[in-house]
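All letters in the sequence shown, in the order written, are residues 1 to 114 by full-length UniProt numbering.
Yeah, the Cβ is synthetic: ideal placement off N, Cα and C, and Gly gets one too.
Single-structure report; data block below.
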Amino acid sequence: MTDFVMVGGLLTVLALAVVQLTLILHVRNVLVDAAASGARYGTLADRTPDDARQRAADLIAGSIGADYATGIRVDQADAAGGRTLEVRVVAPMPVIGLLGPAGTMEVVGHAPLQ
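Now the structure itself:
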């Protein structure tokens, strides 16, 4: 009986760790997609960098919550021999559920300027 309790507890912790890792990867993928989509949106002919910031914030807030959409910066950068619009998102790393220390995950999205 004691062996069952120990193995059951270990398997439970392992399963929760896998679920948490999956949540971290999901949050990271949402942030990467929102940054890239915001950068592409901001480079359209009738859009501004503020539109790129707003687009990224809307996508993040709609997917994982507004707390993750507060650290968004938009700048112009040089990448791969050309000018690009860079959308940088700094968000908390979800450690327990969606709770975690602020500003520990940073992703960047680029789109070429025309």
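Between which two residues does the alpha helix (DSSP H) carrying residue i extend?
{"i": "THR22", "result": "2-42"}
{"i": "PRO49", "result": "49-63"}
Let me know if residue i comes out buried or exposed under the rule of 16 or more other beta-carbons within 10 Å of its beta-carbon.
{"i": "THR43", "result": "buried"}
{"i": "HIS110", "result": "buried"}
Is residue i close to the ligand GDP? I mean its beta-carbon at under 7 Å from any heavy atom of the ligand.
{"i": "GLU86", "result": "No copy of the ligand GDP appears in this structure; indeed no ligand is present at all."}
Pop quiz: residue i and residue j are said to be a contact at Cβ under 8 Å. What is the actual Cβ separation, rounded to whole angstroms?
{"i": "VAL89", "j": "ALA56", "result": "6 Å"}
{"i": "ILE64", "j": "LEU98", "result": "7 Å"}
{"i": "PRO94", "j": "GLY100", "result": "5 Å"}
{"i": "VAL76", "j": "LEU113", "result": "According to the sequence shown, residue 76 is Gln rather than Val. Going by Cβ atoms, the distance from GLN76 to LEU113 rounds to 7 Å, so yes, they are a contact pair."}
{"i": "ILE60", "j": "VAL30", "result": "7 Å"}
Select from the options the residue whose C-alpha is nearest the C-alpha of residue i.
{"i": "ALA35", "options": "PRO112, ILE64 and VAL107", "result": "VAL107"}
{"i": "ALA91", "options": "GLN54, TYR68, LEU11 and THR48", "result": "TYR68"}
{"i": "ALA52", "options": "VAL32, GLY62, ASP46 and VAL74", "result": "VAL74"}
{"i": "ILE96", "options": "LEU85, GLU86 and VAL19", "result": "VAL19"}
{"i": "MET105", "options": "VAL13, VAL32 and LEU59", "result": "VAL32"}
{"i": "GLY62", "options": "THR84, ARG83, ALA80 and VAL27", "result": "VAL27"}
{"i": "ALA45", "options": "PHE4, LEU85 and ASP3", "result": "LEU85"}
{"i": "SER37", "options": "ARG83, ASP58 and ALA17", "result": "ASP58"}
Between which two residues does the beta strand (DSSP E) carrying residue i extend?
{"i": "ASP75", "result": "71-79"}
{"i": "LEU85", "result": "82-91"}
{"i": "ALA111", "result": "105-112"}
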